[in-house]
Every structure is written in structure tokens, then in C-alpha cells.
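J.:
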Amino acid sequence: MTYTGFLILFTVIPVFFLLIILRKSLSFVYVRTLLLVSVIAFLATTLWDNYAVYNGVWFFQCEKTLGVKILHLPVEEYFFFFLQTYLTGLVQLFFIINFSKTSNNIKLFTLLPITLVLMQLPKLPFGKMNYLLHLLVWGLFFILIQLVFGWKKIKKNIKAVLIPSMIMTLYFSLADSISIGYGIWEFDINQTLGFRILNIPLEEILFFFMTNLLITEAMILFLPSKFLEEKNKGNLYRKCIVKINRNI
3 MTYTGFLILF
13 TVIPVFFLLI
23 ILRKSLSFVY
33 VRTLLLVSVI
43 AFLATTLWDN
53 YAVYNGVWFF
63 QCEKTLGVKI
73 LHLPVEEYFF
83 FFLQTYLTGL
93 VQLFFIINFS
103 KTSNNIKLFT
113 LLPITLVLMQ
123 LPKLPFGKMN
133 YLLHLLVWGL
143 FFILIQLVFG
153 WKKIKKNIKA
163 VLIPSMIMTL
173 YFSLADSISI
183 GYGIWEFDIN
193 QTLGFRILNI
203 PLEEILFFFM
213 TNLLITEAMI
223 LFLPSKFLEE
233 KNKGNLYRKC
243 IVKINRNI
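Numbering of the sequence shown is given in the numbering used here, commencing with residue 3 and proceeding in unit increments.
1) Going by Cα to Cα distance, which pick from V39, N57, M131 and Q86 is closest to L223?
2) Tell me, to the nearest whole angstrom, how far the beta carbon of V59 is from that of Y133; I am working on the premise that it is less than 8 Å.
3) By how many angstroms is the C-alpha of L28 removed from the C-alpha of I160?
4) Tell me whether F174 is buried or exposed, calling it buried when 16 or more other Cβ atoms sit within 10 Å of its Cβ.
5) Could you give the first and the last residue of the continuous alpha helix (DSSP H) run that contains F210?
6) So, are the CB atoms of I169 and T87 less than 7 Å apart?
7) Counting only the same chain and skipping the five closest in sequence on each side, list residues whose C-beta sits under 7 Å from that of Q94.
8) CA-CA distance, A43 and F81?
9) Mind checking which residues open and close the beta strand (DSSP E) that includes E188?
10) Whose C-beta lies closer than 6 Å to the C-beta of F128 among residues of the same chain, with five residues either side of it excluded?
11) Decide if the stretch 64–81 is in contact with the stretch 208–216; the criterion is three or more beta carbon pairs, one per stretch, under 8 Å apart.
12) May I have the straight-line CA-CA distance separating L146 from W153, to the nearest angstrom?
13) According to the Cβ coordinates, are L73 and N52 closer than 7 Å?
14) Grouping DSSP H, G and I as helix and E and B as strand, with all else coil, what is L113?
15) In three-state terms, what does DSSP make of I15?
16) Within the continuous alpha helix (DSSP H) that includes F101, where are the two ends?
17) Excluding the 5 residues preceding and the 5 following L68 in the sequence, name in chain order all residues of the same chain whose CB lies nearer than 7 Å to its CB.
18) Would you mind giving the Cβ-Cβ distance between P89 and V17, rounded to the nearest angstrom? I have them listed as a contact below 8 Å.
19) Just the C-alpha distance for V33 and E232, rounded to the nearest angstrom, thanks.
20) Is the Cβ-Cβ distance between D178 and I199 less than 7 Å?
21) Looking at N214 and the ligand FMN, is the gap between the Cβ and the nearest heavy atom below 6 Å?
22) Go to F144, then tell me how far its alpha helix (DSSP H) extends in each direction, as first and last residue.
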């Protein structure tokens with residue numbers, strides 16, 4: 003399997019099917035928010051990922067990619083930034099429609115614009131802690147920004163944040179395990195802790211949880227309160243209908 007094959011199998015096809023399933027629920031507001039969050043995810047991840055590859059924390063096998071690089075990353079990696087956001091965002095919408103309970107009087111928060119400055123940086127000096135510390139410094143920074151600007155809204159919609167994040171962490175971890183098995187990418191044993199679940203470094207599982215958490219939190223923060231309340235009312239209406247039918 004190549005990186006392109008990985009993208010098609012684990013992101014493009016699931017996104018396609020979710021678009022079909024959710025076609026009646028995909029409002030302009032949600033699509034606009036999802037596109038905005040995908041751009042933010044792209045900007046927030048590009049420098050971080052490039053710096054990790056620059057340090058050799060992980061690397062891609064040339065024969066498994068198209069051979070086209072932008073900075074230090076194969077072009078497929080940039081597509082993954084967007085596709086992961088779309089897939090996680092659609093799973094979150096499915097959850098919001100069918101299971102989530104939201105509260106009234108939710109305040110609307112926004113995120114600060116993210117500015118990235120590309121520069122020549124020194125190598126990471128922490129040895130086996132490189133991946134973990136590189137991940138935590140980056141991920142916790144953006145999570146703190148989201149919490150500062152919207153912790154009340156996140157708290158009131160916590161199920162719609164955490165449950166889709168955990169589902170997609172499991173999904174992408176399993177997909178990652180397959181890709182590692184095919185040798186699409188590999189990790190430097192001298193820059194990871196050495197703890198693995200199956201063949202996946204522990205840091206990689208944490209990476210998927212943090213990135214999916216950032217996506218779901220950002221979606222909740224950017225979606226208008228009215229949208230969340232309407233979806234909640236629709237969900238409660240469907241539950242009432244089901245309950246009435248059962249009683250009949």
C-alpha cells in the first residue's frame with residue numbers, strides 16, 4: 003500500500019459515504035465551519051510536522067509516496083491534514099444529530115488567528131523524549147487557546163467533543179498500524195519512548211487523540227449556538243417519536 007492508497011481507503015472513501023449519509027443534515031453553516039477548521043488545522047500542523055520530519059522523529063519511504071515534496075513533507079501529508087479534519091468533523095456531526103445533548107444560552111467564542119513563521123530551527127535535544135515533548139508543547143498550546151476562549155461552550159458540549167475524538171483516535175490508530183505495517187512511514191526508535199500498542203508508538207496514539215480533540219473543539223467553538231440548539235431539538239424530537247411509537 004502507498005500513502006495515496008492509505009488516503010483513499012481510510013479517508014476519502016469514509017468521507018464520501020458520510021457525505022451521502024449526512025447529505026440532508028449538511029447545512030451551509032456546518033460546511034463553512036468545517037472548511038474553516040480544516041484551514042486552521044493545516045496552518046497549525048504544517049510547521050510542527052515539518053519540524054518533526056526535519057529532526058527525523060518520523061520519516062516517509064520515498065517509494066511509498068508520489069515523490070513530490072513541499073518543504074520536508076510529501077504532498078500526501080498535506081492532503082491528510084484536510085481529510086482528517088473532514089472525516090472527524092463529519093463523524094462529529096453524525097454524533098451531534100443522533101446522540102449529543104446540548105444546553106441553552108451557549109455563548110459564541112472565536113479563536114485567535116494563528117500566524118506561523120517558517121524559520122531554521124535547531125534540532126530537538128531531548129533524545130527519546132523528542133516526539134512526546136514536541137507533541138505536548140504544540141498540542142497543549144492550541145488546546146489552551148481553545149479553552150481560554152471557549153471553555154464554557156466546550157464544557158456544555160463535552161460529549162460532542164470527547165466521544166467523536168475517542169472514536170476517531172481508535173480509527174486512525176488502527177489505520178496507522180496498517181500503514182506502519184506497509185512501511186509507508188516509520189519512527190526513529192531513538193526519538194520515541196519505545197512503548198508500543200501493537201506496532202504503534204504510544205506518542206502516535208496521543209497525537210491522534212490531541213489532533214482529533216483540537217478538531218472537535220474547534221468545530222464546537224465556531225458553530226453558532228443556534229445550530230447546536232436546533233440539532234439538539236431535532237434529536238429530542240426523534241427520541242420522543244420513537245418512545246411514542248414503542249408505547250403504541
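All C-beta atoms in this analysis are idealised placements derived from N, C-alpha and C, irrespective of residue type, glycine included.
T.: Checking against the coordinates, here is how it stands:
1) V39
2) 5 Å
3) 21 Å
4) buried
5) L204 to F224
6) no
7) A162, P166, T218 and M221
8) 11 Å
9) W187 to F189
10) L135
11) no
12) 9 Å
13) yes
14) Because L113 sits at a pLDDT of 37, beneath the cut-off of 50, its placement in the model cannot be relied upon, and the following sentence gives the value as read from the coordinates. Coil, per DSSP.
15) helix
16) Here F101 belongs to no alpha helix (DSSP H), and DSSP marks it neither H nor E.
17) T6, P76, V77 and E78
18) In the sequence under discussion, the amino acid at residue 89 is Leu, which differs from the Pro named in the question. With 8 Å as the limit, L89 and V17 qualify as a contact, their Cβ atoms being about 5 Å apart.
19) 16 Å
20) no
21) Within the structure as shown, the ligand FMN is missing, as the structure has no ligands at all.
22) N132 to K158
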